[in-house]
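Data block below; observations after.
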Amino acid sequence: MKLKIDGIICEGREGETLMEVAKRHGIHIPSLCYRKGFEGLARCRLCLVEVKEGSRRRIVSSCVYPIKENIEVTVTTDEIQRMRKNIIMLLLLKAPNNSYINKLAEEYKVAAPERYMNPLDDENCILCGLCVKACEKMGTNAISFVNRGIYKKVSTPYDDASKDCIGCGACAEVCPTNAILVEDNEGKRKIWNREFNMVKCSLCGSYFATEEAYKLMQEKLNDNEEPICNECRKKIAADKLKESFANIY
Amino acid sequence: MSKGIIISPDKCTGCRTCELACSFMKHDNFNPKDAAISVLAFDEVGLQVPMTCLQCDDPHCVAVCPVNALEKDENTGVVNHDREKCIGCKMCVSACPFGNMTYSSRLKQVIKCDECGGDPQCVKLCPSGAIVYKELDSSMERRRNIASCFKEAFGEVIR
Ligand code: SF4
Ligand code: FES
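The listed protein sequences correspond, in order, to chains W and G.
For the first sequence, my numbering assigns the number 734 to the last residue and increments by one with no breaks.
For the second sequence, my numbering assigns the number 341 to the last residue and increments by one with no breaks.
Structure below.
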């Protein structure tokens with residue numbers, strides 16, 4: 486199926502979204518919540534584009550818009566630019582001190598009205614939900630959206646330490662604004678109001694994964710060996726290789 | 183028949199050009215920590231051992247990845263990592279039996295050898311021929327391939 490994005494003729498398959506097709510053709514569409522494998526969130530709305538179908542024009546979220554034959558897409562028009570600026574302003578009010586959002590605001594020359602700004606606000610979450618999805622993919626389902634309206638946030642049930650959480654930190658890794666705090670300290674990891682014990686490498690003594698995450702890995706591999714960190718595993722492997730050469734010479 | 187990186191520790195001088203080549207090729211900087219190949223020194227016997235992904239036949243990393251970001255390409259033999267799909271859970275890092283999978287928190291990504299899509303830069307720039315990229319056919323080469331050296335030790339994971 487053929488379509489045009491910013492004048493460039495693109496080839497796409499039935500069912501693909503505009504975002505996917507644009508990415509494949511190296512066309513940049515601004516986005517925060519789009520991530521391969523996590524399609525369909527459509528929470529940030531930065532990915533707005535204009536679609537012209539025959540004589541009809543409309544503005545759609547490219548990350549969830551399934552492509553159609555012969556549509557003509559414009560990534561940025563004056564109107565879209567204005568809408569993106571508004572969205573960024575709202576994001577700025579939500580997370581006023583977040584460096585990623587501030588960078589975006591700078592790029593788009595957006596400033597939020599002073600009277601609504603709370604300079605002491607330490608909120609970093611923009612409620613995109615990528616972390617919730619990542620947790621779901623891990624099979625742990627420890628976090629989800631809670632509350633409604635201005636109280637909406639991502640958390641564990643009742644903000645308690647979740648027994649399902651394995652402390653892998655994937656949620657923090659996928660977060661586009663780095664809003665999730667992971668504190669590693671002396672063999673402990675703190676995340677989502679829970680403290681985890683880290684696994685200690687049986688050779689070098691360094692801490693490298695939470696006990697729960699390591700256990701999940703072992704279960705998947707049917708492995709019950711003593712824990713060894715990747716650095717030591719590499720050393721053992723290199724040592725074996727060294728031995729086989731030391732014997733030849 | 184697939185190609186592979188063959189390592190000869192006896193030829194390695196420990197210059198670590200491969201590490202820099204990899205880091206520059208993949209991340210545009212010269213940081214051995216960002217390289218998917220690393221050289222381990224065994225001073226007692228005067229040997230240097232470059233280590234990189236063995237592109238296992240039955241890869242543990244693939245088995246533990248919850249989002250199928252790792253996949254074995256049956257044609258090239260390479261275990262490919264899809265950076266966009268990866269969620270950074272680091273399961274693969276603790277699962278690799280040879281410690282060849284690392285995660286850079288700074289770059290927010292897994293560091294893993296993909297043989298540069300068939301033109302490994304480390305091999306190209308190695309001045310001493312300690313790492314070469316060729317068809318893994320003759321028995322001598324197979325023996326030289328680091329993977330085959332571990333066959334007895336680690337069993338079924340490698341080709
Ligand atoms: S870190 Fe990425 S590649 Fe590794 S197991 Fe997790 S999702 Fe898969
Ligand atoms: S990328 Fe489409 S809504 Fe966020």
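Ideal Cβ positions, reconstructed from N, Cα and C, are used throughout, including at glycine.
Between residue i and residue j, what straight-line distance do the alpha-carbon atoms span, to the nearest angstrom?
{"i": "isoleucine 219(G)", "j": "isoleucine 556(W)", "result": "46 Å"}
{"i": "proline 232(G)", "j": "leucine 202(G)", "result": "13 Å"}
{"i": "glutamate 716(W)", "j": "aspartate 649(W)", "result": "29 Å"}
{"i": "isoleucine 230(G)", "j": "proline 309(G)", "result": "Residue identity differs from the one stated: residue 230(G) is glutamine in this sequence, not isoleucine. Approximately 14 Å, taken between the alpha carbons."}
{"i": "proline 712(W)", "j": "isoleucine 572(W)", "result": "47 Å"}
{"i": "alanine 590(W)", "j": "leucine 577(W)", "result": "7 Å"}
{"i": "lysine 193(G)", "j": "lysine 316(G)", "result": "17 Å"}
{"i": "phenylalanine 224(G)", "j": "aspartate 491(W)", "result": "57 Å"}
{"i": "threonine 234(G)", "j": "cysteine 295(G)", "result": "7 Å"}
{"i": "lysine 537(W)", "j": "glutamate 554(W)", "result": "11 Å"}
{"i": "histidine 513(W)", "j": "serine 546(W)", "result": "14 Å"}
{"i": "glutamate 499(W)", "j": "leucine 533(W)", "result": "20 Å"}
{"i": "asparagine 626(W)", "j": "cysteine 620(W)", "result": "5 Å"}
{"i": "tryptophan 677(W)", "j": "aspartate 607(W)", "result": "16 Å"}
{"i": "glycine 614(W)", "j": "arginine 541(W)", "result": "32 Å"}
{"i": "glutamate 501(W)", "j": "arginine 509(W)", "result": "11 Å"}
{"i": "lysine 272(G)", "j": "glutamate 564(W)", "result": "42 Å"}
{"i": "proline 241(G)", "j": "proline 279(G)", "result": "9 Å"}
{"i": "proline 302(G)", "j": "glutamate 704(W)", "result": "34 Å"}
Does the Cβ of residue i lie closer than 6 Å to at least one heavy atom of ligand 1?
{"i": "alanine 619(W)", "result": "no"}
{"i": "lysine 783(W)", "result": "Since the displayed chain W opens at 486 and closes at 734, residue 783(W) lies outside it and no answer follows."}
{"i": "alanine 251(G)", "result": "yes"}
{"i": "cysteine 150(G)", "result": "Residue coverage of chain G in this structure runs from 183 to 341, which leaves residue 150(G) outside it and unanswerable."}
{"i": "valine 292(G)", "result": "yes"}
{"i": "cysteine 650(W)", "result": "no"}
{"i": "cysteine 616(W)", "result": "no"}
{"i": "cysteine 247(G)", "result": "yes"}
{"i": "cysteine 274(G)", "result": "yes"}
{"i": "cysteine 268(G)", "result": "yes"}
When every heavy atom of ligand 2 is checked, does at least one fall within less than 6 Å of the C-beta of residue i?
{"i": "cysteine 548(W)", "result": "yes"}
{"i": "serine 516(W)", "result": "yes"}
{"i": "cysteine 532(W)", "result": "yes"}
{"i": "alanine 507(W)", "result": "no"}
{"i": "alanine 527(W)", "result": "yes"}
For residue i, is the classification buried or exposed, using 16 other Cβ atoms within 10 angstroms of its Cβ as the cut-off for buried?
{"i": "cysteine 689(W)", "result": "exposed"}
{"i": "phenylalanine 523(W)", "result": "buried"}
{"i": "leucine 488(W)", "result": "buried"}
{"i": "glycine 281(G)", "result": "buried"}
{"i": "isoleucine 635(W)", "result": "exposed"}
{"i": "arginine 520(W)", "result": "buried"}
{"i": "aspartate 216(G)", "result": "buried"}
{"i": "arginine 326(G)", "result": "The predicted position of arginine 326(G) is uncertain, since its pLDDT is 47 and thus under 50; a value taken from the coordinates is nonetheless stated next. Its Cβ being crowded by 16 or more others within 10 Å, arginine 326(G) is buried."}
{"i": "tyrosine 699(W)", "result": "buried"}
{"i": "arginine 600(W)", "result": "exposed"}
{"i": "proline 604(W)", "result": "exposed"}
For residue i and residue j, which I take to be in contact (beta-carbon distance under 8 Å), what is that distance rounded to the nearest angstrom?
{"i": "lysine 254(G)", "j": "valine 246(G)", "result": "With a Cβ gap of about 14 Å, lysine 254(G) and valine 246(G) do not count as contacting."}
{"i": "valine 659(W)", "j": "valine 639(W)", "result": "Incorrect: roughly 12 Å between the Cβ atoms, too far for contact."}
{"i": "valine 221(G)", "j": "cysteine 204(G)", "result": "Their Cβ separation, rounded to whole angstroms, is 11 Å, which puts valine 221(G) and cysteine 204(G) out of contact at 8 Å."}
{"i": "arginine 569(W)", "j": "leucine 526(W)", "result": "With 8 Å as the limit, arginine 569(W) and leucine 526(W) do not qualify as a contact, their Cβ atoms being about 18 Å apart."}
{"i": "cysteine 495(W)", "j": "serine 516(W)", "result": "Incorrect: roughly 17 Å between the Cβ atoms, too far for contact."}
{"i": "glycine 270(G)", "j": "tyrosine 285(G)", "result": "7 Å"}
{"i": "glutamate 696(W)", "j": "asparagine 709(W)", "result": "Incorrect: roughly 14 Å between the Cβ atoms, too far for contact."}
Those runs of the beta strand (DSSP E) which lie wholly inside the stretch 599-634 of chain W and span at least 3 residues: 629-631
Complete runs of the alpha helix (DSSP H) confined to the stretch 495-582 of chain W [at least 4 residues]: 503-509 and 563-579
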